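Working notes, beginning with the structure itself.
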Amino acid sequence: MTTPRWFVPLISTVAALAVAVAATLIGMQFAPAPSAQTQSVLVLEPVSLGADGKPITDGDPATLDTSFSNGTTEIVTPGAGNAGDIGAAAQARIAALDASDGDPASARQAVADSPEGSTPADPCAPEDGSSPEDCPEGLHSAIFADTAPEPLRVFPRADPPSGIQGSGGVVACPTRALPAGSLTFGVATTTPSTVTLRYWPANDPAAERTVTIPGDPAAEAAWNAEVARSGVYPEHSDMFQHCTTLAGLRANTVYESSSAAVDTLLRVSSEVPLEFDSRGAPTRPPMQIIPLTSSVVYVAVPTTRMGDLPWLRGWVVPEGHRADCSSFDSSTAVRRVQDEHVVEVSASSIAAANYQPAYDRRVVDVFSVPEGSTIVFCARWYDSTGPSWSRDLPRDQVSASVVSPDLYSPVVTVTGLSLVRAADARSISLSASTQFGVECGQGAYLPEADAAPSTPLTVNTLLCAPGRSDSVLYAPLGSGGNIVVTSRIGQGDSVVTNSTVLPLGRYGCLGSCPAPPTLTFQVLLPNVTVGRGMCGSSFGESCTPPTSEVALGTATLTVTWEQGSTNGQREWQVGVPAYQVPVAIAPDYPQLDTNQAITPSLSSDGFVGAVDIPIRTDRHASFRASIEGDCFIGNAPAPATGATVNLASGGQGANVHISGLCPGATYFVSVELTDSARHRAIYSYREPSPRQWRSASFRVPQNEINYTVTVQLSSISTDRQPWGTFGADVTMGGAGANEVHARFPADTCFTRDELSTTGQASGTVPQERVVHLSVYARVVTEGLYQGVNRDATCSWGDQVDDVLNLESDISYADLLRGVTFAQNLRPSWAGDASFTPSFRATITVHGSRA
């Protein structure tokens, strides 16, 4: 029998008697297998095309029918990628774009000149368009070649350079001396075209003029000759130049213009606006949106160092909604796939593009977007230092919309297993990842139950599919290309892994096209070690049985295709940036700036609190400011009334000062405003938004005092020296929250050899005019009289007798000077009176400002 080379043979050798080799895979636990970041794997061909296609078989039960391998390719090790991996080619483009001067034309050139990077190659679909060799007949014919011309794009430039175009070597027109009121205007296009330019003074649209700028006939002829020779349209060819002179321009005038082109293929470009100054004055650089892959875009927003960075968001525009910033908080926001970063722009690049020098950096985000959708990207600048009534209103914003191309995303499903060895339930792991190493599904653990060999199993387990977020279909990053399928099984203490590439990239298509065919692949599972006979010449002889490596079996994978939103677009459509400052609609009631902070304070001696209430309003208004709380020094203050005045810093406002507050107490402020039209509004901590003033609830600060309490217990007995174990509790402060407790060590001891013992406690209490001190001490003697050393006598007995219980109020002044209390004590313990000692307790308290 001749086995076709697109079948990988696997001969199942069954031994009559296997010694010391288990025939069943038992108890497999999976763990990540160590691997390099990249590895070389086989590229497989499908065994059938179409939903009704029957898998090819050679009819030999001794071989496993598997997909033909047409070569190997280098891949990112499955699982080694992360959610932000978008491939080497796209990452190289990001680096090139970050390094460009921010001009749209030079950004386009940066993308064209960036390295291609590496993605899994497809040996049966050569990138150079040549015929594949040694591939199964009929398979390579399914390759969808892309011979469409490059999209028609237009890049205008005024010379002297100014406006939203810049230079970057893309637009190149002869430089020559021109009379006053004239300048050179150039337009570069991606294909041979004729350009129509309209321009007018920004303040006089009625003075519009129209100019037709033809292309270079020689450049067009060369391009046509290349198409005829190669049969394909050139990609990233040199830009086609269109130059003219605009005469009769008004002096010191800002002009607006619109450039559009019709190329030799009769395609019409969108109109590209350009603002330029007849003086060549610098203008604002534009927002950039550059597609990196079929589902990933690069968005850069020029900004200044003044104020905060812009908030940049993107979202899918639902049908019937406007493609602008009006839905900035939309729930259909697209996802960032990499951390936002800021790119510094050199002064020389800014000068070369004639941009305003203040725009010396760009905020950059990389987004994943759903296919076949309209997406708006909007950047907003907010003034975090402005009044509260404008904090949610951007001081500036720019937006642009894009339309992503239609894309079919693959859905990979495990539909069958064929085993040549028995396998436990869930002992085989299968997973799928994109060409960038990013997993695109939950994976599968098969078979669902213990399985015997030679029995085909029908399963239906999803491996890889697009995900949905807010009803929007998102393909996994890189899913427009090839898919890597990895199978794992446990072998002893290790995990055996097998990865292969499914070349799905060749079957996908963009735009309005039929759904790609259903594909079926037969993938080998990893090899396992099995015994293949006996060893030794007689029984009892020690030896190692022979083994061999065989594949556990095959998995059948079925690939279908899913498409989300449909717009028929074959390529990206990128809109023109729109600049607009939203206009605030003020309410009919007076507004208080709730960003202002209420500031409490203390008197120099620390015993009287006060508060300053800043009142800032959006219009002239009378006010009534009141305060409530549980503690005031004297009578509660009456509400403060008055009217706002013009402030030197701008706007309307007034300041209210309230004193007589207690240190450490909490208060609530309420401000009632009434404007000239008798519209009224109340602002306080308890009011609902937007009239809630969080700063209107505050606590007056309170100073603290450090204290030290020393308690000394000494013998004044005349009959014999005392012994005992002494402990004390100290409480400083007042009743409730200001109490601070301290305890002496539990085993502060004195014995026959000691006349006294001392304990000390320290802490911090809030400053009060009077501080309360409580000291409780006790002596324990039961069972101590037999002791002859410290170890024996420093144990608590069973009987406790109070020897000290002191309660005293100490003034703030006495606390700082220090105060001493003394008391003689004679406890009445049971037992021989001759053992009853007398004591003198001395308590010293001293404080200092914290």
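In our numbering, the protein residues as written are 1 to 850. Cβ coordinates follow ideal geometry from the N, Cα and C atoms, glycine included. In this text the structure is predicted, and so the values were computed from the model without any measurement.
- Judged by DSSP in its simplified three-state form, V438 adopts coil rather than helix or strand.
- Taking C-beta atoms as the reference points, D406 and G505 fail to come closer than 8 Å.
- Rounded to the nearest angstrom, the gap between the Cα atoms of E562 and A432 is 17 Å.
- Contact between F240 and V299 is ruled out by a C-beta separation of about 27 Å, above the 8 Å threshold.
- Bounds of the alpha helix (DSSP H) holding Y812 are 812-817.
- Look at G71 here: in three-state DSSP terms it is strand.
- A Cβ-Cβ distance of about 7 Å is found for the pair V334 and S368, placing them in contact under the 8 Å criterion.
- Under the DSSP definition of a beta bridge, L463 lacks any partner.
- Contact between the stretch 450-462 and the stretch 420-431 is present: three or more C-beta pairs spanning the two stretches fall below 8 Å.
- A straight line joining the alpha-carbon of S373 with that of D593 spans about 41 Å.
- Looking from the CA of G653, the closest CA among T644, L502, L661 belongs to T644.
- In this chain, the alpha helix (DSSP H) harbouring N224 covers 217-230.
- Remark: three or more beta-carbon pairs, one from each stretch, lie closer than 8 Å, so the stretch 198-205 and the stretch 241-254 are flagged as touching.
- Secondary structure note for S622: its beta strand (DSSP E) is the uninterrupted segment 621-629.
- In the displayed model, D593 falls within coil according to three-state DSSP, outside both helix and strand.
- E74 sits exposed, since fewer than 16 C-beta atoms from the chains shown fall within 10 Å of its C-beta.
- Distance from the CA atom of D675 to the CA atom of A347, rounded to whole angstroms, is 50 Å.
- Q91 carries a helical assignment under DSSP once its states are collapsed to helix, strand and coil.
- With contact defined as three or more Cβ pairs closer than 8 Å, the stretch 759-776 and the stretch 697-708 are in contact.
- For S601, the enclosing beta strand (DSSP E) starts and ends at 599-602.
- L525 carries a coil assignment under DSSP once its states are collapsed to helix, strand and coil.
- Ranked by Cα distance from P310, the options A610, D365, T497, I810 are led by D365.
- Bounds of the beta strand (DSSP E) holding A643 are 640-643.
- By DSSP's assignment, F276 forms a beta bridge with Y255.
- Judged by their CB atoms, L525 and R570 are not nearer to each other than the 8 Å cut-off.
- Each residue's CA atom was taken as its position, placing S499 and A51 some 25 Å apart.
- In this structure, the beta-carbon distance from P456 to S427 does not fall below 8 Å.
- Cβ-Cβ separation between I375 and G441: approximately 25 Å, too far for a contact (criterion under 8 Å).
- Going by DSSP, I615 is part of the beta strand (DSSP E) stretching over 609-617.
- For the options T461, P766, Y359, L806, the alpha carbon positioned closest to that of C662 is the one of P766.
- Secondary structure at S684: strand, using DSSP grouped into helix, strand and coil.
- Along the length of the stretch 184-214, whole beta strand (DSSP E) runs at least 3 residues long occupy 193-201, 209-213, reported in chain order.
- For a cut-off of 8 Å, the C-beta gap from G307 to H242 is around 39 Å, too long to register as a contact.
- Looking only at I289, S269, T210, the smallest Cα-Cα distance to R93 is reached by I289.
- Closest option to P517, judged by alpha-carbon separation, among Q39, V41, S48: S48.
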